[in-house]
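To keep things clear, I will list the structure first and then write my remarks on it.
Residue numbers (the working numbering): 230 to 395.
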């Protein structure tokens with residue numbers, strides 16, 4: 230359960246790894262705009278459409294807002310000097326910004342205060358992909374789940390509703 234962060238990078242640089250693919254789109258778009266020509270017009274237009282679709286125009290501000298909401302350490306902090314809880318917040322921020330199709334979370338509320346947990350609940354309710362959560366936090370499950378899959382002797386039994394309904 231100990232997150233793997235790049236010790237040679239700052240907190241912000243580690244978080245930005247979560248948006249590396251999005252950053253590459255922005256960088257390519259900016260490169261094309263610096264050397265705009267008729268030959269690059271089609272690619273520029275496609276990248277602009279992609280940036281609109283992914284809402285990338287203010288990506289750095291989105292990252293900073295997520296870091297603040299999750300209570301991440303200062304941007305320039307040395308990750309080797311972070312506590313376990315701080316490291317988990319940085320890794321969680323990186324993961325949420327990456328937006329994988331299937332988000333796997335193991336005890337995501339550990340080391341989070343009530344305000345941060347509330348933000349995470351809201352974020353997960355709006356998450357565009359599937360979320361699998363392993364947690365003992367029943368209140369959290371009640372607030373974020375729409376159905377539960379019970380695993381029993383190799384079988385998956387789905388239950389519609391939150392933990393209380395289950």
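We treat Cβ as the ideally placed atom computed from N, Cα and C, and that holds for glycine. Since the structure is predicted, the reported quantities are computational estimates derived from the model, not experimental observations.
For residue i, tell me which candidate among the options has the shortest Cα-Cα distance.
i: residue 284; options: 251, 371, 352; result: 251
i: residue 333; options: 311, 384, 356; result: 356
i: residue 390; options: 384, 379, 383; result: 379
i: residue 392; options: 385, 299, 375; result: 375
i: residue 297; options: 341, 231, 381; result: 341
i: residue 330; options: 301, 348, 395, 358; result: 358
i: residue 312; options: 256, 282, 240; result: 240
May I ask you to list the residues that DSSP assigns as paired with residue i?
i: residue 255; result: Answer by DSSP bridge pairing: none, since residue 255 is not bridged.
i: residue 389; result: 376
i: residue 335; result: 363
i: residue 384; result: 381
i: residue 239; result: 307
What residue does the alpha helix (DSSP H) around residue i start on, and which one ends it?
i: residue 271; result: 270-283
i: residue 322; result: 313-327
i: residue 298; result: 288-298
Quick one: is the Cβ of residue i within less than 7 angstroms of any heavy atom of the ligand ATP?
i: residue 395; result: Although the ligand ATP was asked about, the structure shown includes no ligands whatsoever.
Q. Where in the region 339-381 do unbroken runs of the alpha helix (DSSP H), each at least 4 residues long, occur, reported from the N-terminal end onward?
A. 343-354, 367-373
Notebook entry, point to check: When the Cβ atoms of the region 241-255 are set against those of the region 306-325, are three or more pairs found closer than 8 angstroms?
Noted result: yes
For this session: Indicate whether the contact test is met: 3 or more Cβ pairs, each with one atom in the region 331-340 and one in the region 362-379, closer than 8 angstroms.
Result: The region 331-340 vs the region 362-379: in contact.
- Task: Flag this pair as touching only if the region 231-245 and the region 290-306 have three or more C-beta atom pairs under 8 angstroms; answer yes or no.
- Result: yes
Query raised in the report: Are the region 343-362 and the region 270-277 touching by the rule of at least three beta carbon pairs closer than 8 angstroms?
Result: Too few Cβ pairs lie closer than 8 angstroms, so no.
Checklist entry - Is the region 343-356 touching the region 298-310, taking contact as three or more C-beta pairs under 8 angstroms? => result yes
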